[in-house]
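Engineer:
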Amino acid sequence: MQYFLSAIAWLFDPANYRAGLQSPLPIQDRIVEHLLYTLVSVAIAAVIALPLGLYIGHTGRGRGFVIAFSGSMRALPTLGLLGTLFVVIGYTVPFTLTAFIASIIAFVVLAIPSILAGAYAGVESVDPQTVDAARSVGMTELQILLRVEVPLSLPLIIGGIRASVLQVIATVVIASYVSLGGLGAIISTGISLNDNNLILGGALLVTVLALVIDGLFALAQHFTRRGVPSPTRRRRTHVRALPSRRRAVTVSAVDERDH
50 MQYFLSAIAW LFDPANYRAG LQSPLPIQDR IVEHLLYTLV SVAIAAVIAL
100 PLGLYIGHTG RGRGFVIAFS GSMRALPTLG LLGTLFVVIG YTVPFTLTAF
150 IASIIAFVVL AIPSILAGAY AGVESVDPQT VDAARSVGMT ELQILLRVEV
200 PLSLPLIIGG IRASVLQVIA TVVIASYVSL GGLGAIISTG ISLNDNNLIL
250 GGALLVTVLA LVIDGLFALA QHFTRRGVPS PTRRRRTHVR ALPSRRRAVT
300 VSAVDERDH
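If you want the numbering used here, it's the position in the sequence shown, counting the first as 1, plus 49.
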């Protein structure tokens, strides 16, 4: 318990946030780097995975590919991939860029499966009757995808991005193994110096950052779910309304017969 209290005190020490300190400080610079690597990686992964996932979900083609690809990519060791890419890319790219490019590629590979699965599952979960109704009014396939399926599947799509972001935030720590920044630099420096404040402080920062980002995505999912009618609610409303309609028809038939 004393170690955690000491690490928390270290985190709240204003001296660790003063600009111009030697790496791995100041703390805010490492947080910005961590978020930058995460944002770039997830953005590139989204550009690759979202169109493919939407296409597979809309057409139904390539379902087996999604399952096999997602499983194999999740089983891929990111640290091993990062080390391999660092060595291979180092032969063709200047050393100053090798760590960044290798890290981004490794994190993109990590981020793609969750985004792909979320987009595919979200579009596929849209009620087929809704899609058929859109076709019956003359909408094109692209209009159905963009105006009907994507808005209705937005919570699941955001859920896939949410899982991807959390995975990348937790994994960006290993970028310090190739001399890159981020919060992993604080942890690796603490390990090399046997400084528990740096080790626990860096771990707490990664945890808090992941929780804050997860909370923001949870809010986004909550607001996108509002306005999307629940199928169960629709069915209950239909069942309750049916007897009243029948009573109304019966009453009107009796009135006509009396007249």
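Cβ atoms here follow ideal geometry from the backbone N, Cα and C, with glycine treated the same way. A quick note: this is a predicted structure, and the numbers were derived from the prediction, not measured.
Just to confirm the assignment: which complete alpha helix (DSSP H) runs, minimum length 4, are found wholly within the stretch 150-197?
Structural biologist: 177-185, 190-193
Engineer: Starting from the Cα of residue 204, find the closest Cα among 272, 219, 189 and give me that residue.
Structural biologist: 272
Engineer: Please state the DSSP three-state secondary structure of residue 73.
Structural biologist: coil
Engineer: Considering only residues of the same chain and omitting the five flanking positions on each side of residue 123, which have a CB-CB separation below 6 Å?
Structural biologist: 162
Engineer: Go ahead and label residue 213 buried or exposed: buried means 16 or more other beta carbons lie within 10 angstroms of its beta carbon, across all protein chains shown.
Structural biologist: buried
Engineer: Under a three-way DSSP split, which group does residue 135 fall into?
Structural biologist: helix
Engineer: My output table needs one value for residue 245: the three-state DSSP class, helix, strand or coil.
Structural biologist: Three-state DSSP puts residue 245 in a helix.
Engineer: Give me the residue from 103, 53, 151 with the minimum Cα distance to residue 224.
Structural biologist: 151
Engineer: For residue 210, does the count of other Cβ atoms within 10 angstroms reach 16, so buried, or fall short, so exposed?
Structural biologist: buried
Engineer: Can you confirm whether the stretch 96-104 touches the stretch 155-174 when touching is taken to mean that 3 or more C-beta pairs between the two stretches lie within less than 8 Å?
Structural biologist: The answer is yes - the stretch 96-104 touches the stretch 155-174, with three or more Cβ pairs under 8 Å.
Engineer: Is there contact here, the stretch 227-247 with the stretch 80-92, by at least three beta-carbon pairs under 8 Å?
Structural biologist: yes
Engineer: Output the distance between the C-alpha atoms of residue 309 and residue 61, rounded to the nearest integer angstrom.
Structural biologist: Within the shown structure, residues of the chain are numbered from 50 to 308, placing residue 309 beyond reach of any answer.
Engineer: Would the stretch 186-206 count as touching the stretch 105-116 if we require 3 or more Cβ pairs under 8 Å?
Structural biologist: yes
Engineer: For residue 73, count neighbouring C-beta atoms within 10 Å of its own C-beta (all shown protein chains included) and say buried if the count is 16 or more, exposed if not.
Structural biologist: Per the 10 Å Cβ criterion, buried.
Engineer: Which same chain residues, not among the five before or five after residue 221, have their C-beta less than 7 Å away from its C-beta?
Structural biologist: 83, 86, 87, 156, 231, 233
Engineer: In three-state terms, what does DSSP make of residue 217?
Structural biologist: helix
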